[in-house]
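S.K.: Heads up: the sequence shown is residues -6 to 163, going by our numbering. Ideal Cβ positions, reconstructed from N, Cα and C, are used throughout, including at glycine. Just so we're clear, the structure is a prediction, and the values are computed from it rather than from any experiment.
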Amino acid sequence: MAYNRDADGYAVPPTPGRPSGLVAPSDAGSSRSSRALVEDTYYRDQNLAANHIYMRPPYDQFPEHVSRLVDQVRQSRDSPGPTLNQVRHDAGLYQLEMEGLDEPAILIERYFDDNVLPYPNPGDDLRRSDRQPISRHAVPNYGSSLRISNPIPNILYGYSRHHAFPDQGP
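1. Return the CA-CA distance between residue 151 and residue 88, expressed in angstroms with no decimal places.
2. From the DSSP output, which residues share a beta bridge with residue 122?
3. Can you give the Cα-Cα distance for residue 97 and residue 132, rounded to whole angstroms?
4. When you compare only the Cα positions, how much space is there between residue 58 and residue 104?
5. Using the three-state DSSP reduction, which class does residue 144 fall into: helix, strand or coil?
6. Could you say which of 121, 156, 47 and 138 lies nearest to residue 149 if we only look at CA atoms?
7. Considering only their Cβ atoms, is the gap separating residue 45 from residue 112 smaller than 8 Å?
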């Protein structure tokens, strides 16, 4: 199936129709269910598409402006990291590897919190926020009756705006 492309070169598939007899998650009424909007079977196909958000296959090339940004972020730097010996002797990582998919997600999250994405020290210019909703104005809304859930990332990192880059002017 051929798709139209938007101005950035992303494939834009046609908005899928709703199979008869089904009600879109946001059309089901005002009562809240215990299930998250994103867990609905048709959320990606209907709600996201109705708001011009499309899932791209991993083999599609990025638009040029996105590729430039990715290349800039990937540039070589002297970032600290664990040595191979430290990784090989990490008992917590070994335990996660051995228990595999049987490991509860919370234990995996704790491992990452403690070892990969730790909290910055007090006074550091690096800041961390856990489970803070993305501002609603940053979530696309094209006036569709099909809502987009408000993303709540597990972790966001940022810098102190007053002290992180003192050599750069406003």
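M.R.: Considering the structure as presented:
1. Between residue 151 and residue 88, the C-alpha separation is close to 31 Å.
2. DSSP, once it has assigned bridges, lists 149 as partnering residue 122.
3. Taking the straight line from one Cα to the other gives about 30 Å.
4. Distance between the alpha carbons of residue 58 and residue 104 is about 35 Å.
5. Look at residue 144 here: in three-state DSSP terms it is coil, with no helix or strand label.
6. Of the listed residues, the one whose Cα sits closest to residue 149 is 121.
7. No, these two residues do not count as a Cβ contact at 8 Å.
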